[in-house]
Structure formats: C-alpha cells, structure tokens
Amino acid sequence: MNAAPIVAGVGARRGVPAAEVLTLVLDTLAAAGTVPEALTALATVDTKASEPGLTQAAARLGVPLLAYPAEVLAAVPVPHPSAAALTATGTPSVAEAAALTGADALTTGAPGTARLLVGKRTSGPGARATCAVAHGRTPHHLCTKETS
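In the UniProt record's numbering, the protein residues as written are 1 to 148.
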C-alpha cells in the first residue's frame, strides 16, 4: 500500500533564507498533524524553482522541489488568493495552488482529488515565504489488498 502524498507548497520572495523556509514548512506540517518524514515533495511556481532558499530547504528535507508554470497554478481554485502574488508571479496563489497541484500530480489514479490540510501561512512579520500543505487521495481500490 502506498501512502497518500503530502506536498508542501511554498511561495517565496527573492533571497529568502533556507532556514526561514525550513522552519515554516516544519511548522506547517506540525499544524497539519503530520511529521516531516511523511513529506513527499515541496512545490512552487517555476520562476522560483532555482531560488537557493527553496532548493536548499528541499535538499535538507530530502524531498524533490516540484515546479509548475504560473498558468497551471492560476487555474487551481484556492481559498486565499492574493493580488500581490498575482502581480509578482502571474498567479493569485503559489503556496496553496502548488501544494494542491503537486499532491494531485503524485496521486496515482485519482487526479483532482487533492485537498488542503493547512491553508496558506506566512513565516511571520516581514515574511519572505508562504506555505500550505495538501495531501493526495489514494483511491480505495489501490489501498486494499485483493485476496484470491
């Protein structure tokens, strides 16, 4: 049985330190009631995929950094769209939309079923990062062992 994927979507300003991203991701995972070892991937908008703070945080967590075009993320309905994110990146959501898109992409046989566990959070006053956590839904037939 494969566990449903857990994906942390991360939005970031240029120059965000890896420590800020890492702390935010760990805090958001804790708020979701899950442990860092359950994390499947980080996800972001493609224009931030080479941001050192994001790549270093993903490396420290031991997960891949998935990147999606702004047009793909803009098509994802989210509870907390942001005019600032739209202006900066071309999508009204990076963290929530990337988390949902990544969890969907990693869910075998059930596209469109990812759900947010924790909506967009910031790293605090003067925040340079946002994070949301989503999980994919593993279809029931993939979770049950057939017996003959």
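Just so it is clear, CB atoms sit at the ideal spot from N, CA and C, and this is done for glycine as well.
- DSSP places Gly119 in the strand class (E or B) of the three-state scheme.
- Counting only runs of 3+ residues, the beta strand (DSSP E) found wholly inside the segment 56 to 104 occupies 65 to 68, in chain order.
- In terms of Cβ geometry, Leu117 and Val94 do not form a close pair [threshold 9 Å].
- The continuous beta strand (DSSP E) containing Leu42 extends over residues 41 to 45.
- Ala103 is positioned such that its CB atom lies closer than 9 Å to that of Thr40.
- In its chain, beyond the 5 residues on either side, Val45, Thr47, Ala70 have a beta carbon closer than 7 Å to the beta carbon of Thr89.
- Around the beta carbon of Glu37, fewer than 16 other beta carbons lie within 10 angstroms, which makes this residue exposed.
- As computed with DSSP, Thr130 is found in a beta bridge with Gly11, Thr122.
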